[in-house]
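*Asks:* Below: one structure in structure tokens.
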Amino acid sequence: MTIYFDHNATTMVKPEVLQAVQDVYAFPANPSSIHEYGRNARRLVEEARQKVAKSVGMKTIGDTAVRVFFTSTGTEANNMVMQATPLYASKIIAATEHASIFQSADEQVEVLPVDSQGIVRLRALEGLLQKAAKPCLVSVMLANNETGVIQPMKEIVALAHEYDAVVHTDAVQAYGKINIDLAELGVDAMTVSAHKCGGLQGAAALIAKKHVRIQPFMQGGGQELGIRPGTENVAAIVGFGKVAEKINESIKAMAETVTLRDKIENAVRAHSDKVMVFGQHSPRLPNTACVSMPGVKSETQLMHFDMHKIAVSAGSACSSGKVTASHVLHAMVGDNAEVACAIRISLGTGSTTEEVDQFLQCWQELYQRTHVATEVRKAA
Ligand code: PLP
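According to my numbering, the residues represented by the sequence shown are 1 to 380, in order.
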């Protein structure tokens with residue numbers, strides 16, 4: 001079996017999710033129908049909505065000023081925020097955002113720089129907020145998909161709110177890996193996605209306080225309060241509810257992957273002081289390591305690991321199988337040659353020490369082959 005170290009790309013569906021999904025498919029399920037099957041489907045969707053709300057620290061959504069809109073993907077929810085909000089006079093996003101924020105923002109968007117450890121520069125944020133036209137929307141991800149770097153969200157929110165800006169956070173990678181409390185973070189809107197945490201692809205959510213301005217970019221149905229029209233993907237949403245129900249277990253199990261991640265990082269760094277661990281000194285997700293192998297291109301490494309039946313990735317996997325220079329790493333360290341030599345290892349709750357040892361052996365083989373060859377060439 002191939003070792004899977006690419007859990008930030010997607011995860012295996014949890015057995016209890018599969019079971020719940022299968023149960024839904026036993027009956028026709030259109031929540032807009034008023035007959036018994038339809039009413040049952042509506043109940044399932046609303047129960048899942050409550051569970052998702054609860055998984056980010058809300059008690060219920062019935063009595064609060066927060067709404068949960070189901071979408072098909074995190075990409076869609078992020079697009080809803082960036083594209084369907086022409087109601088904002090200005091927008092600010094971080095330089096390390098996922099492509100679904102970065103590429104859906106209009107040209108006038110202001111890009112907030114990060115430091116070499118991937119943390120947004122708060123002074124720069126203040127500068128941008130001071131000159132931003134109101135109302136202003138700020139979108140900064142909670143945890144980065146390539147490096148795992150976690151942003152100081154409470155400070156970002158406090159600053160943005162001083163200037164009356166609305167804050168959205170893309171929490172797709174943080175969800176199920178670290179505790180998320182919407183009220184504690186103070187954000188006005190948040191994106192989460194089920195498939196990064198044992199759910200099905202095809203269910204995600206935009207969670208937004210009522211004052212957040214959102215406009216549908218599709219027309220033709222009243223579902224999700226008209227914000228996201230189209231028949232709901234009931235089975236995937238129910239599966240999402242299951243994921244949400246088990247969120248604390250996921251977070252606890254994920255916390256344990258940090259030992260394996262540290263083992264990887266310490267071992268590769270022991271080979272050379274030129275090996276870079278991106279975002280090493282920042283708070284990070286426990287499962288993510290982004291490391292360079294000096295002088296060996298990411299593609300070469302990916303092929304080597306693939307040949308040895310180990311699945312890792314080069315930066316974001318959401319960009320269609322192509323290895324392109326990472327805008328995230330570039331934003332952190334500029335034109336450093338190590339950017340082209342970075343790979344992302346993202347562990348899962350089932351990852352083992354044996355798998356890590358196999359990975360390290362494979363890494364070392366490639367390192368020695370390429371570096372000994374270089375030394376021989378230099379000596380000749
Ligand atoms: N945001 C981040 C940080 C991600 O890592 C991803 C996917 O990798 C997305 C958004 C997009 O989510 P989805 O795959 O549900 O479209």
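Even for Gly, the Cβ is constructed at its ideal location relative to N, Cα and C.
(1) Any heavy atom of the ligand PLP closer than 7 Å to the beta-carbon of V172?
(2) Count the C-beta pairs between the segment 105-120 and the segment 47-54 that are closer than 8 Å, then say yes if the count reaches three, no if not.
(3) Report whether the distance from the Cβ of M82 to the nearest heavy atom of the ligand PLP is below 7 Å.
(4) Rank R369, D357, L360, S346 by C-alpha distance to the C-alpha of A9 and give the top, closest one.
(5) On the three-state DSSP scale, how would you describe V166?
(6) Put V339 into one of helix, strand or coil per three-state DSSP.
(7) Taking 8 Å as the threshold (C-beta atoms), are T147 and C290 in contact?
(8) Excluding the five sequence neighbours on either side, which residues of its own chain have a C-beta within less than 8 Å of the C-beta of S250, listed in chain order?
(9) Is the closest heavy atom of the ligand PLP to the C-beta of T75 under 7 Å?
(10) May I ask which residues mark the beginning and end of the beta strand (DSSP E) holding A65?
(11) For S100, which three-state DSSP category applies?
(12) With H, G and I counted as helix, E and B as strand and the rest as coil, what does DSSP make of A317?
(13) Alpha carbon to alpha carbon, how far is H308 from A94?
(14) Secondary structure at E107, three-state DSSP: helix, strand or coil?
(15) Counting C-beta neighbours from all protein chains within 10 Å, is the total for T11 16 or more, i.e. buried, or is it exposed?
(16) Run through the DSSP bridge pairs and tell me what Y4 is partnered with.
(17) Give me the Cα-Cα distance between L366 and M254, rounded to the nearest whole angstrom.
(18) In three-state terms, what does DSSP make of L206?
(19) My understanding is that L87 touches R213, with C-beta atoms under 8 Å, so please give their C-beta distance in whole angstroms.
(20) Could you tell me which residues DSSP pairs with C290 in its beta bridges?
(21) Kindly list the residues whose CB is nearer than 8 Å to the CB of Q361, restricted to its own chain and excluding five residues on each side of it in sequence; keep chain order.
(22) Please find out if some non-hydrogen atom of the ligand PLP comes closer than 7 Å to the beta-carbon of M141.
(23) Taking the alpha-carbon positions, what's the K263 to F359 distance?
(24) Which value, in whole angstroms, describes the spacing of the CA atoms of S272 and M293?
(25) Three-state secondary structure (DSSP) at V372?
(26) Would D6 and S351 be called neighbours here (beta carbons separated by less than 8 Å)?
(27) Note down the Cα distance separating A41 from N30, rounded to an integer number of angstroms.
(28) Start and end of the alpha helix (DSSP H) containing S55?
(29) Can you tell which of F102, S72, F69 has its C-alpha closest to the C-alpha of Q83?
(30) What number of angstroms, rounded off, separates the C-alpha of A317 from the C-alpha of H35?
(31) Excluding sequence positions up to five away, which residues of its chain have a Cβ less than 6 Å from the Cβ of E265?
(32) For T352, write down the residues that DSSP places opposite it in a beta bridge.
(33) For a test of the three-state rule: what should DSSP assign to T259, helix, strand or coil?
(34) Just curious, the alpha helix (DSSP H) that A244 is in, first and last residue?
(35) Assuming L137 contacts K91 (C-beta within less than 8 Å), just tell me the rounded distance between them.
*Replies:* Based on what the coordinates show:
(1) With a cut-off of 7 Å, the C-beta of V172 is classified as near the ligand PLP, since at least one heavy atom of the ligand falls inside that distance.
(2) Not touching, per the Cβ criterion.
(3) Outside the cutoff, so no.
(4) For A9, the closest C-alpha among the options R369, D357, L360, S346 is that of S346.
(5) Here V166 sits in strand by DSSP.
(6) The three-state reading of DSSP puts V339 in helix, counting H, G and I together.
(7) Closer than 8 Å, so yes.
(8) Closer than 8 Å at Cβ, skipping near neighbours: G176, K177, C197, G198, V243, T349.
(9) Answer for T75: yes, Cβ within range of the ligand PLP.
(10) Going by DSSP, A65 is part of no beta strand (DSSP E) at all; its letter is neither H nor E.
(11) In the structure shown, S100 sits in a helix (DSSP, three-state: H, G or I).
(12) At A317 the pLDDT is 47, less than 50, meaning the model places this residue with poor confidence; the figure from the coordinates comes in the next sentence. In this structure, A317 counts as coil in the three-state DSSP scheme.
(13) When rounded, the distance between both Cα atoms is 36 Å.
(14) Taken through DSSP and simplified to helix, strand or coil, E107 comes out as coil.
(15) Buried is the call here.
(16) In the DSSP output, where bridge partners are listed per residue, Y4 has A311.
(17) Between L366 and M254, the C-alpha separation is close to 29 Å.
(18) The three-state reading of DSSP puts L206 in strand, counting E and B together.
(19) Going by Cβ atoms, the distance from L87 to R213 rounds to 4 Å, so yes, they are a contact pair.
(20) Beta-bridge pairing links C290 to R344.
(21) Cβ within range, chain order: n/a, list empty.
(22) At least one heavy atom of the ligand PLP is nearer than 7 Å to the Cβ of M141, so yes.
(23) CA-CA distance, K263 to F359, rounds to 11 Å.
(24) The straight-line gap from Cα to Cα measures roughly 9 Å.
(25) In the three-state scheme derived from DSSP, where H, G and I count as helix and E and B as strand, V372 is classed as helix.
(26) Not closer than 8 Å, so no.
(27) Approximately 6 Å between the Cα atoms of the pair.
(28) 36-55 is the extent of the alpha helix (DSSP H) around S55.
(29) When only C-alpha atoms are compared, the closest one is F102.
(30) Bear in mind that the predicted position of A317 carries a pLDDT of just 47, short of 50, making it unreliable; the figure below should be weighed with that in mind. Take the alpha-carbon of A317 and the one of H35: they are about 42 Å apart.
(31) Taking C-beta separations shorter than 6 Å and ignoring five residues to either side along the sequence, the partners of E265 in its chain run V277, A289, following chain order.
(32) Residue pairing from DSSP leaves T352 without any beta-bridge partner.
(33) T259 falls in the helix class under three-state DSSP.
(34) Residue range 234-245 is occupied by the alpha helix (DSSP H) that includes A244.
(35) Indeed, because the Cβ distance is near 5 Å, the residues count as touching under 8 Å.
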